[in-house]
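See below for the structure under consideration.
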Amino acid sequence: MNAQVMQTPQLSTGRLLLLGASSVILCISFIMAVFAPFPLALATILYGRVKGYLIGVAGLIISFLFALMVYRDLTLFGFYVGVFIFGLGIAEIVLRGVSPIKGMVTFGLSFILLVAAGFGFTLKSYNLTPSEFIIQQIEKSSDKIAEQKKAIEQSTDKEAVQVLQLLDRPDLLAKEMVDSFPSYFFMGVFIMLWFNMFLVLKSRRLLLSGNDYPHDERNLLNFKVPFGFVVLLVAGLVLAVWGNDLGIGSFSSLETVGMTIIKCLGIFYFFQGFGVLSDLLNFLGIMGFFRTLIVMIIILMANYLIAVAGLFDNWFDFRKYFVKRKTED
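As C-alpha cells, then:
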C-alpha cells in the first residue's frame, strides 16, 4: 500500500482530528502521557507539515482551556507544550531522513540545554538559587501540599513516613529535588524521544509500506553507545561510591554528580540493551502478546538488567551468539 492509495479514503479529516484528540487525551491521562507526542508526529508525517502543525496548535489551545477551566493550573498546558515540541521535532527528523539515533540525541540534548538555559535565566532574573526557587514554589502551593499530606497520612505505605518528613521540611525537599531532578529530567526526555520515535518509524513502515525509506525502527534497536563512554561511566561509579570522601572544599556533592552521570549514561545503555533483548526474543521465536508481556515485565521490574546487558554488549557482542546458534540449527 503506497501513500497515494492511502490518501483516499484512509487519510480522512476525521482521522486527522482523531490523532490530534488522542495526543491531548494521552497528555491529560498522565499515566500514558509519555506517548502523547506519537499521534501528533504521525499526523504530521501522514498529512503533511501544515495540517500537522495546525492540529498541534489546536491541541495547545484545548489543553490551555482545559487546564485553566478544570485544574485552574497551567501545569498540564506546560507539559503539552513539551509534547508539541517533541511531536513536531520527531516528525521533522523522520521527514528529513535524518538518522533516528543522531536526530534523537541532537534534538534531546538541544532541548535539555534550552530548558536549562531558560531555567538559569529565570533564576538569575529573580536572584535566586535553585533551592530558594523550589522553596518559593512549595510555599505558593501550600494548600495543595496540605491536601496531599492528608491523603498520605491515611496511606499504609512504608515510604509514607519519609514523604511526610520531606513535605514538613521544604528545605530537605528542595535539596532532594535539586539532587535528583536533573538526572530524571534527562532520562525522561530521552525515554519519551526513543519510544515515540520507535512508534512513529514502525507505524510509517506499516502504513506506507509501498515506499522505501532510509531508516526505520530497526535503526533504534541497533543503538550502540561509543566504547569511550565506559571511561566516563567508571568515573561516575567512583564518584558515586567515594564521592563524599573526595569532597573538595565547599563542593561536597560529588556523590550526587556521580549518580547523575550513571543515570544519564544508563539510559543510553538501556536502549542498547533493549535492542539486545529484542534480538534475543526474535531468536527464541517469542512473538505476539506473550512477547509484549515479557518486555513490559522486564522494563518495569528489571530495567537495570537491560542497562547492564547494554553495557556488557560492548565487550561480548551478544548478537553474534544468536546468529551462531541460528546457523548451527
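Each residue of the sequence shown is one higher than the one before, counting from 5 in the numbering used here. Note that CB positions come from ideal geometry on N, CA and C, so glycine has one too. Keep in mind it's a predicted model, so treat the numbers as computed, not measured.
Once the 5 residues before and after Leu20 are set aside, which same chain residues still bring their CB inside 7 Å of it?
Closer than 7 Å at the Cβ level, and outside the excluded window around Leu20, lie Ala47, Tyr51, Lys55, Ile59.
Give the single residue among Pro218, Ile265, Asn226, Thr126 whose Cα lies nearest to the Cα of Leu236.
Leu236 has its Cα closest to that of Ile265, out of Pro218, Ile265, Asn226, Thr126.
What is the C-beta distance between Gly112 and Val193, in whole angstroms, given that I count them as a contact (C-beta under 8 Å)?
Contact holds; Cβ gap of about 5 Å.
To the nearest angstrom, report how far apart Ile97 and Leu23 are at their CA atoms.
Looking at the two C-alpha atoms, the distance is approximately 19 Å.
Tell me which residue opens and which closes the alpha helix (DSSP H) that Gly52 is part of.
Going by DSSP, Gly52 is part of no alpha helix (DSSP H) at all; its letter is neither H nor E.
Taking Cβ positions, are Ile105 and Phe227 nearer each other than 8 Å?
Yes, the Cβ-Cβ distance between Ile105 and Phe227 is below 8 Å.
Among Ala71, Val119, Met263, Pro174, whose alpha-carbon lies nearest the alpha-carbon of Met141?
Residue 141 is actually Gln in this sequence, not Met. Among Ala71, Val119, Met263, Pro174, the Cα nearest to that of Gln141 is on Pro174.
Do three or more CB pairs link the region 214-225 to the region 116-132 at distances below 8 Å?
Cβ pair count under 8 Å is below three, so no.
With C-beta atoms as the reference, is Ala40 less than 8 Å away from Leu30?
In this structure, Leu30 lies closer than 8 Å to Ala40 by Cβ.
Could you tell me the boundaries of the alpha helix (DSSP H) in which Met108 lies?
Unbroken alpha helix (DSSP H) run through Met108: 104-130.
Once DSSP output is grouped into helix, strand and coil, what is the label at Met291?
DSSP places Met291 in coil when its eight states are reduced to three.
Quick check: the Cα distance between Leu92 and Tyr57, rounded to an integer number of angstroms?
When only Cα atoms are considered, Leu92 and Tyr57 end up about 7 Å apart.
Could you check if Gly279 is buried or exposed, using at least 16 other CB atoms within 10 Å of its CB as the buried criterion?
Gly279 should be labelled buried.
Which whole-angstrom value describes the C-beta separation of Leu243 and Val261, a residue pair presumed to lie in contact below a C-beta threshold of 8 Å?
Indeed they touch by this definition, with Cβ atoms about 6 Å apart.
My assumption, with CB atoms under 8 Å, is that Phe88 sits in contact with Leu64. Please give the rounded CB distance.
Sure, about 6 Å apart at Cβ, within 8 Å.
Note down, in chain order, each residue of its chain lying with its Cβ closer than 8 Å to the Cβ of Ser254, except the 5 sequence neighbours on either side.
Annotation note: pLDDT 47 at Ser254 (below 50); position unreliable, no value reported.
With DSSP collapsed to three states, give me the class of Leu212.
The DSSP-derived three-state label of Leu212 is coil.
Between which residues of its own chain and Arg53 is the CB-CB distance below 8 Å, once the five residues before and five after are set aside?
So the qualifying residues of the chain are Ala95, Leu99.
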